[in-house]
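To keep things clear, I will list the structure first and then write my remarks on it.
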Amino acid sequence: HSTEQTEIADLPACESLNPGNLQLISELKNPSSSCSVDVSAVWWERAGTKEPCIIAACEDVVSLWKPLNSVQWEKVHTWHFTEVPVLQIVPVPDVYNLVCVALGSLEIREIRALLCPSDNESEKQVLLKSGDIKAVLGVTKRRLVSSTGTFCNQQIQIMTFAEDGSSKDEQLLMPPDETILTFAEVQGTQEALLGTTTMNSIVIWNLKTGQLLKKMHIDDAYQAAMCHRAYSEMGLLFVVLSHPCARESQAFGSPVFQLLVINPKTAQSVGVLLCSLPQGQAGRFLEGDVKDHVAAAILTSGTIAIWDLLLGHCTALLPPVSDQSWSLVKWSGTDSHLLAGQKDGNIFIYRY
Amino acid sequence: CSTADLGPISLNWFEELSSEAPP
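Protein sequences appear in the order of chains A and B. Residue numbering for the first sequence follows my numbering, beginning at 3 and increasing consecutively. Residue numbering for the second sequence follows my numbering, beginning at 4 and increasing consecutively.
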């Protein structure tokens with residue numbers, strides 16, 4: 003029923019999109035030939051001062067860049083990984099001198115904390131968790147939630163870090179009977195955590211008590227949907243999903259993001275906005291990031307597309323630069339910048 | 004679309020579900 007009731011975002015032609023919505027302001031050159039896997043902007047504390055830094059991850063090295071001025075960056079720390087390759091960066095909100103990384107080949111095998119102890123300023127990494135890790139997310143109040151295993155053997159754990167990132171406390175959440183695919187914190191409802199499952203369900207936990215509050219099956223059209231953002235307003239839950247497996251149709255074009263509204267009391271849901279590719283733009287969703295009301299996606303064509311979820315349409319298209327397809331896109335957690343990465347490890351910073 | 008399709012809405016859904024769910 004969701005597709006019939008979904009409002010389709012406008013499909014403007016590619017030519018009508020204003021590329022001026024994105025202004026290049028800086029570039030981080032990767033001197034190594036290692037393949038780029040993730041990028042993130044985090045607050046980092048150095049000598050008692052919090053700075054907006056950029057973390058860039060290649061398969062075998064993670065680098066921390068600090069700003070010299072508004073356009074120049076300096077690499078200040080590197081962490082090396084010789085045994086297991088880096089898969090993704092996992093920022094932990096409210097911690098200022100720690101970032102986590104997930105390591106593995108196809109699936110996550112380890113989660114490590116990366117630190118720079120202030121006494122000797124040398125890089126340090128600490129193994130936090132190992133095993134068959136399915137999903138991981140940093141959440142507010144210096145917490146890291148992760149799920150390991152599948153179905154009945156699933157364990158969902160929250161670690162809480164001390165302010166300096168050193169010690170930690172551990173707590174378990176009640177597992178659902180379906181394998182968790184992604185986690186998302188629910189903005190607007192403190193202590194609510196949302197998860198999507200491989201069986202097209204959305205689950206909600208109470209982070210404080212560990213209770214599993216609700217499991218809600220959503221339309222089968224949302225298969226393998228990843229949740230990029232969730233917020234609660236006026237008693238309803240708004241969820242932004244992406245659709246790596248969505249099929250192109252004549253009526254809806256090629257869907258990339260969908261805004262779904264759920265009543266958590268009744269488990270009823272309805273799709274309210276479908277973000278499709280502009281007319282004439284080919285490709286499907288590869289990966290993306292949503293912050294506030296803006297959603298960015300890398301398409302299989304190598305182009306980055308941006309949607310404004312309030313306006314309901316695509317606002318910018320960024321084609322590959324220097325014939326290099328885009329492979330990473332992230333909204334900065336410290337300002338309104340967009341971080342765009344290429345496979346060769348070069349990171350471009352745009353103002354949106 | 005109408006939120007009437009979603010059934011009765013509660014502003015305190017999180018607290019209510021927390022009191023109903025098993026500990």
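We put the beta carbon where it would ideally sit given N, CA and C, even for glycine.
Closer than 8 Å to chain A by CB, residue i
i, result
"S13 of chain B", "yes"
Nearest neighbour of residue i, chosen from the options [CA to CA]
i, options, result
"C229 of chain A", "A:I160, A:N32, A:A137, A:Q283", "A:A137"
"G50 of chain A", "A:V141, A:Y98, A:T198", "A:Y98"
"P266 of chain A", "A:G290, A:L275, A:L214, A:Q90", "A:L214"
"C60 of chain A", "A:V41, A:T150, A:E76, A:W67", "A:V41"
"T150 of chain A", "A:R111, A:L105, A:L195, A:I135", "A:I135"
"Q156 of chain A", "A:L146, A:N23, A:L175, A:D166", "A:L175"
"S36 of chain A", "A:S244, A:D96, A:H245, A:N348", "A:N348"
"A298 of chain A", "A:C118, A:S338, A:K126, A:A223", "A:S338"
"K126 of chain A", "A:V63, A:I160, A:T162", "A:V63"
"T305 of chain A", "A:L312, A:P177, A:T181, A:P280", "A:P280"
"R144 of chain A", "A:A115, A:V94, A:L261, A:S65", "A:V94"
"L130 of chain A", "A:I110, A:G212, A:L209", "A:I110"
"Q159 of chain A", "A:D166, A:L139, A:S34, A:K217", "A:L139"
"V147 of chain A", "A:Q192, A:V92, A:D166, A:W333", "A:V92"
"T375 of chain A", "A:K216, A:L243, A:Q260", "An answer regarding residue 375 of chain A cannot be provided, because it is not within the stretch 3 to 354 covered by chain A."
"L89 of chain A", "A:L105, A:S124, A:W81, A:T152", "A:L105"
"T84 of chain A", "A:P69, A:W67, A:D96, A:S107", "A:S107"
Residue i at chain B interface by Cβ criterion, 8 Å
i, result
"K216 of chain A", "yes"
"L276 of chain A", "no"
"T268 of chain A", "yes"
"A11 of chain A", "Its pLDDT being 48, under 50, A11 of chain A is placed unreliably by the model, and the measurement read from it follows with that caveat. By this cut-off, A11 of chain A is not an interface position."
"V272 of chain A", "yes"
"Q213 of chain A", "yes"
"V141 of chain A", "no"
"V147 of chain A", "no"
"N348 of chain A", "no"
"N208 of chain A", "yes"
"V263 of chain A", "yes"
C-alpha gap between residue i and residue j, whole angstroms
i, j, result
"A15 of chain A", "Q225 of chain A", "Low local confidence applies: a pLDDT of 49 at A15 of chain A is under 50, so the model's placement there is unreliable, with the coordinate-based value given in what follows. In a straight line, the C-alpha of A15 of chain A is about 28 Å away from that of Q225 of chain A."
"Q74 of chain A", "E29 of chain A", "8 Å"
"Q173 of chain A", "V86 of chain A", "27 Å"
"L26 of chain A", "C154 of chain A", "48 Å"
"C102 of chain A", "A194 of chain A", "22 Å"
"E112 of chain A", "D8 of chain B", "43 Å"
"A43 of chain A", "P54 of chain A", "7 Å"
"P257 of chain A", "S278 of chain A", "4 Å"
"A164 of chain A", "D171 of chain A", "8 Å"
"L100 of chain A", "G282 of chain A", "43 Å"
"G133 of chain A", "G212 of chain A", "22 Å"
"T162 of chain A", "S334 of chain A", "23 Å"
Cβ contact (3+ pairs, closer than 8 Å) linking the region 324-343 of chain A and the region 193-202 of chain A: no
To be precise: take each residue of the region 181-204 of chain A, compare its Cβ to all Cβ atoms of chain B, and keep it if any distance is under 8 Å. Which residues remain? T191, E193, A194
What are the residues in the region 227-244 of chain A lying within 9 Å of chain B by C-beta distance? S234, M236, G237, L238, L239
Pairs of beta-carbons, one from the region 180-189 of chain A and one from the region 331-349 of chain A, closer than 8 Å: are there three or more? no
Pairs of beta-carbons, one from the region 267-274 of chain A and one from the region 285-295 of chain A, closer than 8 Å: are there three or more? Output reads no: the region 285-295 of chain A does not touch the region 267-274 of chain A.
Are the region 9-20 of chain B and the region 233-246 of chain A touching by the rule of at least three beta carbon pairs closer than 8 Å? Touching, yes, given that three or more Cβ pairs across the two stretches are closer than 8 Å.
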